[in-house]
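Numbering (my numbering), first residue to last: 332 to 569.
Beta carbons are placed, not taken as given, at the ideal position from N, Cα and C, and that holds for glycine.
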């Protein structure tokens, strides 16, 4: 923690890149752990890649939404110490961007302004015919398949398997990482590409990895902390 505090104190262009582990301390399960989202898919008899894929959404829309509503929307979740610390770092001018793979919107709830959501946001949904927007409550309260008042099927504004990430957003994320003096990577095992590949664009002084388990990038980091990220960032003096 002393080293992390020193790095934060000496940095002026911090970028944070986070994954599912950032939100586990808010009660949102991650994906690949023993109690993660992927394990909950087994009762549906499908692989994760299929159940939350674009083709499954198109061809098995009712089954897709049954799983999606039960397992991927967490409207009652509250920001934890990690989200709050990152919002504070942005407020004092040290943090320039949060790049997240999460779809829960907790960074914004904590007060972060410049959030790049690589995989979208579960609270944003749109009609595939007229493009009218709907929030997550509308999805949860809908019977079976959520439909627009025009009759069109509503789709979550999230990136499903088989769908590409937004190229413009990836370019923005790359630009922020390239210009950072410190990159803090937290709550991610760095195995989901192309998002995980963003770390290779970092050219700054301090690469900090905070994750409960080791990653393949640990040997490249200046500081590795194998602890929960909320617990860790919550100890910073900001």
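Nearest-angstrom Cα separation, counted from residue j out to residue i
i, j, result
"residue 349", "residue 406", "20 Å"
"residue 454", "residue 421", "23 Å"
"residue 449", "residue 403", "16 Å"
"residue 391", "residue 488", "18 Å"
"residue 353", "residue 383", "21 Å"
"residue 386", "residue 332", "45 Å"
"residue 476", "residue 355", "28 Å"
"residue 506", "residue 519", "20 Å"
"residue 490", "residue 388", "12 Å"
"residue 343", "residue 512", "7 Å"
"residue 484", "residue 351", "28 Å"
"residue 431", "residue 568", "23 Å"
"residue 335", "residue 552", "12 Å"
"residue 499", "residue 509", "15 Å"
Assumed close pair residue i, residue j - CB separation to whole angstroms, cut-off 8 Å
i, j, result
"residue 521", "residue 548", "5 Å"
"residue 565", "residue 542", "Not really, about 16 Å apart at Cβ, beyond 8 Å."
"residue 425", "residue 339", "7 Å"
Coarse secondary structure for residue i, derived from DSSP in three states
i, result
"residue 354", "coil"
"residue 514", "strand"
"residue 379", "helix"
"residue 502", "helix"
"residue 427", "strand"
"residue 554", "strand"
"residue 569", "coil"
"residue 561", "helix"
"residue 395", "helix"
"residue 451", "strand"
Status (buried if at least 16 other CB within 10 Å, exposed otherwise) for residue i
i, result
"residue 561", "buried"
"residue 479", "buried"
"residue 433", "buried"
"residue 525", "exposed"
"residue 410", "buried"
"residue 471", "exposed"
"residue 515", "buried"
"residue 435", "buried"
"residue 495", "exposed"
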